[in-house]
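Under our numbering, think of the first position of the sequence shown as 54, with each following residue one higher.
Reading through the structure tokens given below for one structure.
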Amino acid sequence: MVNVKESIIEAIKMPHEVEWIEFKSNYWNPKEIGEYISALSNSAAIHGKSYGLLIWGVDNENHQIVGTTIDFQQDVNNEPFQHYLARQLNPSINFAFYEEYIGTKRVVLLSIPSAKSVPTEFNKERFIRIGSSKENLRKYPQREANLWNILSNGLPSITNVDSERQDLTFEKLFLYYAAKNIKIDLNTFKKNLNLINEKTGNYNLLALLLADDNAISCRISMFNGEKKYQGLKSVKEFGNTCILYALDGIANYGKDVLNSVISSEENRTLERIDTYLFDNDAFREAIINSFVHNNWQRLNSPQISVFSDRIEILSHGILGPDQTLEGFYNGESKPVNPALAHIFMQLGISDRSGKGVPTIVEKYGRDCFTFGDDSITITIPFKIANKIARNKKDRIIDEMRIDSNVTAQDLSKKLNISIPMINKLIRELKASNKLERIGSNKTGSWKILYK
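Structure, rendered in structure tokens:
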């Protein structure tokens with residue numbers, strides 16, 4: 054059983070609609086709801102989620118709770134609706150409807166277990182989500198084959214997918230361990246470091262990543278202005294070798310070359326104050342996280358782009374199967390590549406304490422993270438914004454998503470921020486077109502203008 058209220062709140066905080074969650078207001082079409090169950094069940098399996106969710110009472114555009122009046126206990130052609138759904142689902146799955154009041158708004162959640170051994174079908178057809186669209190699975194044979202493979206063999210990972218190359222050597226890996234004063238047994242290291250696919254006995258992708266020559270490019274691209282179209286200035290290559298050296302090279306280049314000293318005359322008394330272009334701890338944690346959480350199955354490394362006003366660090370893929378957005382921000386350590394994360398911890402590169410994301414958020418706020426359909430980008434600005442105000446604004450928006458009628462007094466109590474400061478931050482959110490007041494100050498409500 055899912056925790057209904059927590060599941061709803063977690064879902065509406067997602068930066069965009071994901072393939073295992075669908076939002077509706079009062080939409081009701083029994084046949085299409087059955088098709089959504091098939092699509093969300095199959096998509097949950099593809100993304101390693103235990104459940105797909107269909108949620109009524111949430112605006113699809115801005116994820117704001119608006120409430121719903123749907124009646125999931127009604128009949129369809131003199132047949133109870135839930136029996137109508139169960140009769141046409143194959144195999145049978147234990148879906149369940151729940152209703153919850155969040156503030157004064159009624160929300161209905163349909164919890165849909167992910168497909169297990171075979172795809173879930175409705176009325177003898179199989180469906181899937183592609184982006185925010187529900188599609189018939191038979192129209193997409195490659196996606197259907199991928200779903201069958203996942204149901205048969207589990208989610209692909211760097212430990213259960215074979216490397217295309219098997220002529221791998223690891224002299225640089227041995228030297229790296231030796232430099233850390235860690236002994237490595239040459240007879241058992243392949244097994245101990247999970248470099249072998251247990252099903253095939255071949256070197257896996259993790260072995261390729263750690264090999265002396267892996268032909269995987271890891272580079273920093275530097276651009277002339279604030280946009281890529283303004284021209285590429287230079288490229289610094291660190292890859293094509295054991296990624297431990299690539300990671301060190303990128304982190305050190307950022308610290309020693311990119312992070313130049315800026316002299317500040319502000320509030321000067323006796324002497325000039327030297328400060329740096331960006332926070333190096335946050336930069337290092339961002340690089341480490343991008344390597345640990347990158348989807349290496351495509352053999353694409355994280356992309357580091359340096360602009361005139363910022364650094365962007367993009368890792369491929371999305372959050373891990375068991376990770377929630379709130380858990381991610383709070384530093385719950387659930388790496389996408391646990392075997393690689395274990396090696397990083399063993400070598401002292403990271404400590405698995407979960408401090409990485411909180412360190413970045415403390416310096417630059419939550420909105421330095423951008424979640425794409427298949428990527429996560431961390432933006433480190435050179436001109437550091439007011440991180441404290443930005444964090445407070447994030448929290449205000451979160452509370453308004455949950456209750457659009459929340460008052461400044463309510464926010465002050467919940468967030469332990471003075472009412473004048475709450476009002477100031479709300480004015481700034483309105484001025485930046487992120488928030489709108491609908492109706493009067495006394496009886497109106499808040500409308501969030503972005504996801």
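Just so it is clear, CB atoms sit at the ideal spot from N, CA and C, and this is done for glycine as well.
Around the Cβ of T121, a 10 Å sphere holds 16 or more other Cβ atoms; the residue is buried.
Here V459 carries a coil assignment [DSSP, helix/strand/coil]. By the neighbour-count definition (other C-beta atoms within 10 Å, threshold 16), W201 is an exposed residue.
Taken in chain order, the complete alpha helix (DSSP H) segments of 4 residues or longer contained in the stretch 368–442 are 378–383, 391–399, 409–417. For the pair K169 and F422, the Cα-to-Cα distance works out to about 32 Å.
In this structure the stretch 186–195 does not touch the stretch 101–114; the number of beta carbon pairs closer than 8 Å is below three. The Cβ atoms of N476 and L502 lie no closer than 8 Å to each other.
Within the same chain, Q399, L400 come within 8 Å of I235 by CB-CB distance, once the 5 residues on both sides are set aside.
For S471, DSSP assigns no beta-bridge partner whatsoever. Excluding the 5 residues flanking it on each side, T412 has same chain C-beta neighbours closer than 8 Å at D334, A335, E338, in chain order.
The beta carbon of F276 lies closer than 8 Å to those of Q283, G284, L285, K286, S358, V359, F360, S361 in the same chain, with the five residues before and after it left out. When beta bridges are read from the DSSP output, K500 appears opposite E489.
Counting only residues of its own chain and dropping the five nearest sequence neighbours on each side, Y229 has a CB closer than 8 Å to the CB of C295, L297, Y298, L400. Close CB contacts of I429 within its chain, under the 6 Å cut and outside five residues either way in sequence, are with S368 (chain order). The DSSP assignment places 83–99 as complete runs of the alpha helix (DSSP H) inside the stretch 65–108, in order along the chain (cut-off: 4 residues). Here the alpha carbons of I402 and M453 stand approximately 39 Å from one another.
A distance of 8 Å or more separates the beta carbons of F175 and S164. For I341, the secondary structure class from DSSP, reduced to helix, strand or coil, is helix.
Per DSSP, the beta bridge partners of F175 are L142, E178. Here H136 is exposed: its Cβ has fewer than 16 other Cβ atoms, across all protein chains shown, within 10 Å. Here V119 really is in contact with S78; their C-beta atoms are around 6 Å apart, less than 8 Å. Out of N131, I450, F125, L478, the CA that lies nearest to the CA of L162 is found in F125. Per DSSP, the continuous beta strand (DSSP E) segment holding P166 begins and ends at 158–166. I203 and I99 have their alpha carbons spaced roughly 7 Å apart. If you draw a 10 Å sphere on the C-beta of S186, you find fewer than 16 other C-beta atoms in it, and that means exposed. The distance from the Cβ of F424 to that of R363 is about 17 Å, inconsistent with a contact at the 8 Å cut-off.
Y417 is the residue among K446, D426, R448, Y417 whose C-alpha sits nearest the C-alpha of I433.
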